[in-house]
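Undergrad:
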Amino acid sequence: MAQPSSQRGESASAVPPAYENATDENINEVLEDFYKLDLNPDTYEGPTVDTCLAHPKLLSAFDKLRRRMADYEGLWDIWNSRAQNANPSALNVDGRADDILAKLREKRWSIYVVRAVDRYEAWWQSFVPRMLLEDDMLATSSTSAYESFTSTDQLMCWTTNILPPLDVLLVWHAHMLNPRLFLEDCLRHGYGTLWAAGMPWSSINDIIDPSFHYTVGDQCQANFTVRTGRAWSNEDDDNFQRLKCVHCSEWNDVPWTTCGQDENDTSSRPGLVGQGYGDGDFQFICSQCGDVTNKDSLNVSKFVRDVTNLVSHGWPMPGTILDAADGVPKQQQQDSSQLFPNRLVRQGILAEVLQKLKPGGTERPSNNAGQGLDPEYHSWYKVPAQHNRTQAD
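Quick note on the working numbering: the sequence shown kicks off at 16 and runs consecutively.
1. Between which residues of its own chain and Leu196 is the CB-CB distance below 6 Å, once the five residues before and five after are set aside?
2. With DSSP run on the structure shown, which of helix, strand or coil describes Ala33?
3. Over what stretch of residues does the alpha helix (DSSP H) that includes Gln140 continue unbroken?
4. For Gly205, collect the residues of the same chain with a Cβ closer than 8 Å to its Cβ; drop the 5 residues on either side in sequence, then sort them by chain order.
5. Cα-Cα, which of Phe227, Ile93, Ala112 and Asp133 is closest to Ala69?
6. Extract the residue ranges of the alpha helix (DSSP H) inside the stretch 64-103, only unbroken runs of 4 or more that lie entirely within it.
7. Does the Cβ of His262 have 16 or more other Cβ atoms within 10 Å, making it buried, or fewer, making it exposed?
8. Going by the CB atoms, is the gap between Trp271 and Asn249 shorter than 8 Å?
9. Could you compute how far the alpha carbon of Asp294 sits from the alpha carbon of Asp133?
10. Closest by CA to Gln99, which one among Leu90, Arg111 and Gly89?
11. Pull up the distance between the alpha-carbon of Gln347 and that of Leu354, whole angstroms please.
12. For Asp268, write down the residues that DSSP places opposite it in a beta bridge.
13. By a C-beta neighbour count over all protein chains shown, 10 Å radius and 16 as the cutoff for buried, is Val183 buried or exposed?
14. Is it the case that the stretch 151-167 contacts the stretch 310-326, given that we only count it when at least three CB pairs across the two stretches are under 8 Å?
15. If I'm right that Glu278 touches Trp94 with Cβ under 8 Å, what's the distance once you round it to whole angstroms?
16. Helix or strand or just coil, what does DSSP make of Ile223?
17. In the DSSP output, which residue or residues are listed as bridge partners for Val307?
18. Please report how far the alpha carbon of Pro71 lies from the alpha carbon of Val360, in whole angstroms.
19. Would you mind stating whether Ile223 and Leu73 have Cβ atoms separated by less than 8 Å?
20. Can you give the Cα-Cα distance for Val129 and Glu149, rounded to whole angstroms?
21. Going by DSSP in three states, Leu52 sits in which element: helix, strand or coil?
22. Within 10 angstroms of its Cβ, does Glu136 collect 16 or more other Cβ (buried), or is it exposed?
Here's what the structure looks like:
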């Protein structure tokens, strides 16, 4: 083990040796090492040096993608010329135009990522689900769909022809960075082989070239399109998102962003917030009923779907799947506190929330879908704890 210089008889104040610039030969040697990684999934027993090297290789591909899409002139009709047209009188201030250019690049990338999340959802739903039932979670259940989920030895067999596009892989990677949430989502949908296989490092390593470009064949691109109905490239998908009005269920075509403008248009100033589906102030007026749908009402609509699925199909609510203490699936008793939220939402919440979603209603839905209940239950995550305190009393 190396010792400090003062212990080797050298002056502690000695100037350390200077670093030498890497040569092309050094860089090529490092890049060659990237292609000698042992990433065989059949022998994988945990993180290794090679998987740790494969990870920054993927992150470099993500970074290259981000730079390319942020610098994509005219993407979503967001042009760099707006930096000059924004406020000519203010451009004499040092760095003003550069600041605006940076915001334009960030806006392109933010829309790209929101679209990537939607594309990831389409890819996620393309797997064949076996939805978890609340009965599967009970101690009386004989199925292995719940408590034995993490013990499966069946792994999804990945090849380079079935990998998703890099933008979808980016969102998948982010999803897996929250291991508890990823486990719960896989458990809810019955994606045991997907969860057990983890990130397909071997296949990913094979298709990222020395310049960190994500390069796949025509067959891989065709497979993704057939599977999801989406274009391989994010920017080639539709510029409108088809959304159902939460009040009357009419379908509406909503733009991803309202911040775009023609390259030579200097008369309008749409700003960079916007009201498109990928913008910060998302909202649209339904073409049928005239009511407004926004992020809050979409959240409530999703809550309604979760409650409906619980009542109609017996699918447990998100957040009630894993043990609160250690985050693993443990079989439950019918009256357990973990399942208490499922029992609670069966007690009339659905009717109250649906009333707020009716067209022309004076009450607007919000994330406080439990209003009208005891104030202690307004926060969804406080429900099991409050139930435990009540039982203790």
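Glycine included, each C-beta is placed from N, C-alpha and C at the ideal position.
Just so it is clear, the structure is predicted and the values come from calculations on it, not from any experiment.
TA: A quick look at the data gives this:
1. Translated into positions along the sequence shown, residue 196 becomes position 181. Excluding positions up to five away in sequence, the list is empty.
2. Along the sequence shown, one-based indexing puts residue 33 at 18. Per DSSP, reduced to three states, the secondary structure at Ala33 is coil, with no helix or strand assignment.
3. The residue given as residue 140 occupies position 125 in the sequence shown. It spans Arg111 to Gln140 - the alpha helix (DSSP H) in which Gln140 sits, taken as one unbroken run.
4. Along the sequence shown, read from residue 1 onward, the residue named residue 205 stands at position 190. Pro144, Arg145, Met146, Leu147 and Ala160.
5. Your numbering for residue 69 matches position 54 in the sequence shown. Residue nearest to Ala69 within the set Phe227, Ile93, Ala112 and Asp133 is Phe227 (criterion: CA-CA distance).
6. With a minimum length of 4 residues, the continuous alpha helix (DSSP H) runs that stay inside the stretch 64-103 are 64-85 and 97-100.
7. Within the sequence shown, the letter at position 247 stands for residue 262. Buried, because 16 or more other Cβ atoms sit within 10 Å of the Cβ of His262.
8. Within the sequence shown, residue 249 is the residue found at index 234, counting from 1. Within the sequence shown, residue 271 is the residue found at index 256, counting from 1. Contact flag unset, no.
9. Within the sequence shown, residue 294 is the residue found at index 279, counting from 1. Within the sequence shown, residue 133 is the residue found at index 118, counting from 1. Going by the C-alpha atoms only, they are around 14 Å apart.
10. On the sequence shown, residue 99 is found 84 positions in, with the first residue counted as 1. Taking only the C-alpha atoms, the option nearest Gln99 is Arg111.
11. If you number the sequence shown from 1, residue 347 lands on position 332. If you number the sequence shown from 1, residue 354 lands on position 339. In a straight line, the C-alpha of Gln347 is about 8 Å away from that of Leu354.
12. Taking the first residue of the sequence shown as position 1, residue 268 is located at position 253. According to DSSP, Asp268 bridges with Arg257.
13. By one-based count along the sequence shown, residue 183 stands at place 168. Here Val183 is buried, its C-beta having at least 16 other C-beta atoms within 10 Å.
14. Look at the beta carbons and you see the stretch 310-326 not touching the stretch 151-167: under three pairs across the two are nearer than 8 Å.
15. For this step, residue 278 is matched to residue 263 along the sequence shown. For this step, residue 94 is matched to residue 79 along the sequence shown. Right, the Cβ-Cβ distance comes to about 5 Å (below 8 Å), so this counts as a contact.
16. Numbered from its first residue, the sequence shown carries residue 223 at position 208. DSSP places Ile223 within a strand segment (E or B) once states are collapsed to three.
17. For the purposes of this step, residue 307 is identified with residue 292 of the sequence shown, where counting begins at 1. BP columns for Val307 point to Ile300.
18. Looking up residue 71 in the sequence shown gives position 56. Looking up residue 360 in the sequence shown gives position 345. Taking the CA atoms as reference points, Pro71 sits about 44 Å from Val360.
19. Within the sequence shown, residue 223 is the residue found at index 208, counting from 1. Within the sequence shown, residue 73 is the residue found at index 58, counting from 1. Cβ distance < 8 Å, so Ile223 and Leu73 count as in contact.
20. Against the sequence shown, residue 129 aligns to sequence position 114. Against the sequence shown, residue 149 aligns to sequence position 134. Answer to the nearest angstrom: the Cα atoms are 32 Å apart.
21. Start at 1 with the first residue of the sequence shown, and residue 52 comes out as number 37. Three-state DSSP puts Leu52 in coil, outside helix and strand.
22. Here residue 136 refers to the residue found at position 121 when the sequence shown is read from its first residue. Exposed, since its Cβ has fewer than 16 Cβ neighbours within 10 Å.
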